[in-house]
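To keep things clear, I will list the structure first and then write my remarks on it.
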Amino acid sequence: MDDFKLVSIDDEPSIEDKKIMREGMLAYHTSQGHVRNQEFFSVLIKDKEANTKGVVAVSFLWNGMHIHTLWIDESIRGKGWGRKLMSIVEEEAKKRNCNLAYTDTYSWQAPEFYEKLGYSLYAKLDDFPKGCSLSYFKKDLQ
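Dropping the structure here:
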């Protein structure tokens, strides 16, 4: 260990360091028999003027779909757009042989929405941030 030193930074790692980290993790996953072939997919809602009014952004990895972002503009919430976006990405996940969907959401965001769509709570961080919680949901897509 005498040949190495610890370097502390107060910001994000450099682009070069991020590249090295990613390549190292990918090489390790591959060495363990888990080639990481993550693919991204998004569906947007646009109005007549081409303004974005909603989006769902997911990634597919192995047999799972990770829901990164689901956002619907307040002007069109409650009109079925979120359900429609989720239906589209869940169908796409099935086409890509995914049998699992998962996401996380804060208590002020959409936990009830995911429950209505058949997602089940599998973990929860209480008091994060203070007075709120972060919930983790999953759904069997088979």
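Numbering (full-length UniProt numbering) for the sequence shown: 1 to 142.
All C-beta atoms in this analysis are idealised placements derived from N, C-alpha and C, irrespective of residue type, glycine included.
The structure displayed is predicted, hence computed values, not measured ones.
Rounded to whole angstroms, threonine 69 and valine 56 show a C-alpha spacing of 5 Å.
In this structure, DSSP gives aspartate 17 a helical state, which the three-state scheme calls helix.
If you look at tryptophan 81, you'll find it in the alpha helix (DSSP H) that goes 81-95. Between the stretch 84-99 and the stretch 29-48, the count of Cβ pairs shorter than 8 Å is three or higher; the stretches touch. The beta carbon of asparagine 63 sits closer than 7 Å to those of Asn97, Cys98, Asn99 and Leu100, all from its chain and outside the five residues before and after it, given in chain order. The three-state reading of DSSP puts serine 120 in strand, counting E and B together. In the structure shown, the three-state DSSP call for glutamate 112 is helix.
By the CB criterion at 7 Å, leucine 134 and phenylalanine 128 fall inside the cutoff. For isoleucine 72, the enclosing beta strand (DSSP E) starts and ends at 64-72.
The three-state secondary structure of leucine 44, taken from DSSP, is strand. Burial check for isoleucine 72: the Cβ neighbour count within 10 Å reaches 16 or more, so the residue is buried.
The Cβ atoms of tyrosine 106 and cysteine 132 lie closer than 7 Å to each other. Apart from the 5 residues on each side of it in sequence, aspartate 47 sits with its Cβ closer than 6 Å to the Cβ of Lys53 in its chain, given in chain order.
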